[in-house]
Structure formats: structure tokens, C-alpha cells
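Report on the following structure.
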Amino acid sequence: MIEPIRLSFEVRCPPDHAFATWTERTSTWWPGSHTVSGAADLEVHFEARVGGRIFERTPSGEEHDWGEILAWEPPRRLAYLWHLKADPRDATEVEIRFVGAGLATTRVEIEHRGWERVREDAEGRRDANRGGWGSLLPHFTDEVNRFASEGHE
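Residues 849 to 1001 (our numbering) are what the sequence shown spells out, left to right.
Here it is as C-alpha cells:
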């Protein structure tokens, strides 16, 4: 078994706000460097149901699949198969829990697992994804805080 990536951090908002920022306002914080097309002004979509797609849509209408929803339990839990920029047969699993941690605070717990399904250089891909999470999550945190500070609780 290849060790999962486990991350945990807190944001200053309730779980429903954190969940919605992750799934409904993804386009506002997801960097173009973490997409298939790299197109400016693309939209990221989470189809809000088990079996729903996660995909990007460019301004010209081109779509690129990133994954498939495995669990949709707003505002507490989200899980999905993940194959951004990879063969879908090598999809890993991401599970995110949004846990209330006091007044207007949420602990976000991420487990990215299933690396043994990756057919080539699974440990290298896991290590690259660890770096990807490190560069991605500050964008999420900034957007959660920006949106909350504007009074959009």
C-alpha cells in the first residue's frame, strides 16, 4: 500500500460556506496552472450528485473531465475519483471532510488515496500531487476568507 496524502487545516467560516466554496465557486480560486487547458476564464464544475462529473469548460465550450463524484453529502463530506491530466484508468480518490470546529470555524480534512491503482510511477505521482495540494490550498483559503469578509456567509 502506498501511503495516502493527508492534509488538515482550518478556515474561518462555517462548513456550509467552505463546502460551497470548494464545489460551487471553484472557478473563483482554482489556478489555471492546475487545469487541462490552461485557458483564461474557464469554469470548473462539480455536478452535485453521486456519479456527477468534475470538469472544466473553456470559454469556447470545450470540456475536459477531471473526475467523478463518489459521495455528495453537503456540507460535511465530498469524495471523488480524480484523474486531472491523467488517464481515467489511473484515477485516485480524494475525500474531503468539512468539520465544524467552533463558532464560524471549519477544519478541512483531505485524504488523497488509491495510489496503488496508478500503473506507472505511483509514488512519483503521489509526491507531485503533494506539491500540487501545497500550491492549490492557499488559493482556496484566500477565497474562503475573501468571500466571507464581503458578508456572503
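Backbone N, C-alpha and C fix where the C-beta goes; we use that ideal spot for every residue, glycine too. Everything numeric in this text was worked out from a predicted model, so none of it was measured.
Taking residue 988 and residue 869 to be in contact with their CB atoms under 8 Å, please state how far apart those CB atoms are, rounded to whole angstroms. Distance from residue 988 to residue 869 at the Cβ level is roughly 7 Å; contact confirmed, criterion being Cβ atoms closer than 8 Å.
Please determine, among 875, 931, 932, 859, the residue with the shortest C-alpha to C-alpha distance to residue 889. Just measuring C-alpha positions, the residue of 875, 931, 932, 859 sitting nearest residue 889 is 875.
Measuring straight from C-alpha to C-alpha, what distance separates residue 930 and residue 898? Rounded to whole angstroms, residue 930 to residue 898 spans 14 Å at the Cα level.
Short Cβ contact (8 Å threshold) for residue 852 with residue 946: No. Outside cutoff.
Contacting residues, own chain, Cβ-Cβ under 8 Å from residue 925 (five flanking each side not counted): Cβ contact annotation for residue 925 (same chain, cutoff 8 Å, sequence separation greater than five): 919, 943, 944, 945, 946, in chain order.
N-terminal and C-terminal residue of the alpha helix (DSSP H) that residue 1019 is part of: With the chain represented from 849 up to 1001, any question about residue 1019 goes unanswered, as that position is not in the structure.
Please state whether DSSP places residue 941 in a helix, a strand or coil. In the three-state reduction of the DSSP assignment, residue 941 falls in the strand class, which pools E and B.
Have a look at residue 855 and residue 978 and give me their C-alpha separation to the nearest angstrom. Their backbone Cα atoms lie some 9 Å apart in a straight line.
On a CA-only basis, which of 861, 878, 857, 960 is nearest residue 927? Give me that one, please. Here the closest residue by C-alpha is 960.
Considering just the uninterrupted stretch of the beta strand (DSSP E) at residue 868, what are its terminal residues? Premise fails: residue 868 lies in the alpha helix (DSSP H), 863 to 871, not in any beta strand (DSSP E).
Return the residue from the list 867, 891, 859 that minimises the CA-CA distance to residue 910. Ranking 867, 891, 859 by CA distance to the CA of residue 910 puts 891 first.
Residues in its own chain within less than 6 Å of residue 958 by CB, not counting five upstream and five downstream? Same-chain partners within the cutoff: 855, 944.
Considering only the alpha carbon of each residue, which of 948, 991, 973, 895 lies closest to residue 935? Of the candidates 948, 991, 973, 895, the residue whose Cα lies closest to the Cα of residue 935 is 973.
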